[in-house]
Amino acid sequence: MLKTLTVWNFALIEFINIEFSSGLNILTGETGAGKSILIDALSIILGAKASADNIRQSAEWMKVEAVFDCAENSDIKDLLETMDIVYEEDEIIVSRRYTVQNKNVITINGCQITLSNLKLLGHKLIDIHGQHENQALLKKDTYLNLVDAHNEEIKDRLKIYKEYYSKYQQTTKKLLDYKEKASEYAQRIDMLKWQVDEIYQAKLKPGEEEEHEAEIKLLSNSEKISEALQRSHDLLEKGDSGKRGINAYLAEVKKNLEYIVSFEEKFKQYLELINDVSIQLQECSLELRDYCYQLEFNPDKLNQLQTRMDLIYKLRKKYGVTITDILNYYNDAKTEITNIENYDQDIESLNKELAALEKDLLKSSVILTKLRKVTAEALAQEIQQHLTELGMPNSLVRMNVISTDKFNNTGVDKVEILFSANKGEELKPLSKVASGGELSRIALALKTIDAQIDSNGVMIFDEIDTGIGGKTAQMVADKIAIVAKHKQVLCITHLPQIACMADLHIYISKNVKEDKTVTEVSSLNYKERLAELARMASGDEVSKIALDNAKHMLQVAQEKKNLII
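The following block contains the structure:
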């Protein structure tokens, strides 16, 4: 339910605040007063396109704010949860501010949201019905949705069908991709096999690159290393003179200390130190000699290692930065080869999967078709009953469900509406025979049915009375009152027959203040309603007869409303 609407600087509106009733809210006023501006403002809060042209002249911004009571609307609560909107109370506040710089700020309960989310919410909050919605009845693609919306079992079955259809589409696309890539796969597998063989022949090992680099460095400098080893060994054993080296001198030092220790015990620690050093240097000398004998310059091995490194570098340029990367590529390529070699098996498997899904789709679509035929027949009868009540007793409506042999997102069915306004006339497609007034009444019949099924949300009728009058206008008024008994209705009208059914009558006027034209809104009391109904019925000059007639209209309207269940 729409509780309040507040508008700032929108078109001719400087500021208005309207509190609505839960039943039928009638909006009237002279032509050009700005009744449709309110609907435009509501459309803005529901996600319609906004522009700087909507902003009141000389203002820098406009703002529309609506408060909704959603206590019994679980769909709204679920949607707000998906948007992470705080929803502690039963009401939500939707606000949209737009500036001349085209800056758009949209909030729900103070939380900023996107325009796309506002549109999602708007569809669940308010249903606006105007002349273009009547024209939608002429579009055949809307008929199927019309039938499906009036049967909960169809909605459940359609959900199951769509799951099958989604899988069917995915499998079909996958199969087509496989077939399209057949020649590409044939070429790719040859390349992959060549690459796998190249890497396999290399016999790569993780870490070998570092080992080879170290060995190449050693072999490349083997002569200099050998000279350094020999020189170090000679210094330990022979010295510069070639007679006595460091070890010989240490042996003499050791001998002297042994002699001293026999007289002075405190030198024993130095003797032990010299002894340890002597042993270590002798071992070092032996190691240097042995390593020097083993080390030799081997140009063949160096060439082999450099050739190996060239191969590794070549593979790195092709397959990865490191040997590990190359080996990973090798394993991935082998896996891809296996997958491609199983290509025919995959196609066969996909064909079987597709056939199974087609059976599921067919079974599911048959159930949908049966449900739709039953629903379409019942809906046509219900529409016809409402049309009789709307002054078309000789009209005939038939809804045919036609099955095709092609699956789509909604099944295999199409729906056509056949219509005849007069007895004896041939049933023909609605788009070819219905007049504007007839379309309005068919639309109202559908809205009446919708209201009885779903009481959530708000329904707006924007001049649904166009092209009708007299007895038909009264029938339309009665029907709108029935709709308003089930859900909140806002209705813009020029007809007193409809206006007198209001639970709340709102008058919209256009006035000049300080050389500026402004649209103003006021809720009418009983006397003001009488005056407005009299004006609507007889024109600007309101006579006592017109007022008495208005009073009678209100009394009859109230009696009728009391009888509505």
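Be aware that the sequence shown starts at 0, since it is given in numbering that gives the first Met the number 0, and climbs by one per residue.
Glycine included, every Cβ here is placed at the ideal spot set by N, Cα and C.
Source: prediction; values computed, not measured.
At the C-beta level, L426 and R397 come within 8 Å of one another. Looking at the backbone, the Cα of I278 and that of I245 are separated by about 12 Å. A straight line joining the alpha-carbon of K139 with that of L386 spans about 20 Å. For the 8 Å CB-CB criterion, N24 and L489 form a contact.
Taking the C-beta atoms as reference points, L314 is found nearer than 8 Å to I325. Pairing I44 with V520 gives a Cβ-Cβ distance that is not under 8 Å. Within the DSSP secondary-structure output, V320 pairs in no beta bridge. Scanning its chain for C-beta atoms nearer than 7 Å, with the 5 sequence neighbours on each side dropped, one finds around K560 the residues A480, M500, in chain order. For S363, there is no enclosing beta strand (DSSP E); the residue is found in the alpha helix (DSSP H) stretching over 342-388. Of the residues assessed, E286 falls on the exposed side of the cut-off, its CB having fewer than 16 other CB atoms within 10 angstroms. Per DSSP, S21 lies in no alpha helix (DSSP H) and is assigned neither H nor E.
In this structure, M190 is the residue among I75, Y177, G46, M190 with its C-alpha nearest to the C-alpha of K317.
Here D464 is buried, its C-beta having at least 16 other C-beta atoms within 10 Å.
By the neighbour-count criterion, in which a residue is buried when 16 or more other Cβ atoms sit within 10 angstroms of its Cβ, W7 is buried. Of M552, C110, Y160, the smallest CA-CA separation from L360 is found for Y160. Apart from the 5 residues on each side of it in sequence, G121 sits with its Cβ closer than 7 Å to the Cβ of L45, G46 in its chain, given in chain order. Put simply, the backbone Cα of K253 is about 28 Å away from that of Y290.
Distance from the CA atom of V104 to the CA atom of N421, rounded to whole angstroms, is 52 Å.
For the pair K204 and I322, the Cα-to-Cα distance works out to about 7 Å.
Cβ-Cβ distances below 8 Å link K166 to L356 in the same chain, with the five nearest sequence neighbours on each side left out; the list follows chain order. For D126, the three-state secondary structure derived from DSSP is strand. With a threshold of 16 other beta carbon atoms within 10 Å, V320 falls short and is exposed. Excluding sequence positions up to five before and after K76, its CB lies within less than 8 Å of the CB of C69, Y86, all in the same chain and listed in chain order. Beyond the five residues adjoining it in sequence on each side, E462 comes within less than 6 Å, by CB distance, of I491 in the same chain, given in chain order. The Cβ atoms of L1 and A58 do not sit closer than 8 Å to each other. If you look at L11, you'll find it isn't in any beta strand (DSSP E); DSSP assigns it neither H nor E. In this structure, L532 keeps its C-beta atom at 8 Å or more from the C-beta atom of A476. Below 8 Å, too few C-beta pairs join the region 401-416 and the region 444-451 to call them touching: fewer than three. Sequence-distant Cβ neighbours of Q383 in its own chain, meaning closer than 8 Å and more than five residues away, are S394, L395, V396.
For the set K158, I91, K102, the Cα lying nearest the Cα of S50 is the one of K102. Here the C-alpha atom of V365 lies approximately 13 Å from the C-alpha atom of N407. With the rule of 3 Cβ pairs closer than 8 Å, the region 166-183 counts as touching the region 330-350. Residue S363 holds the alpha-carbon nearest to the alpha-carbon of Y163 among S363, E381, E263, Q496.
Looking at the DSSP output, D68 shares a beta bridge with E90. About 5 Å separates the beta carbon of G22 from that of A483, a gap short enough to meet the 8 Å contact definition. 8 Å or more divides the Cβ of G468 from the Cβ of L438.
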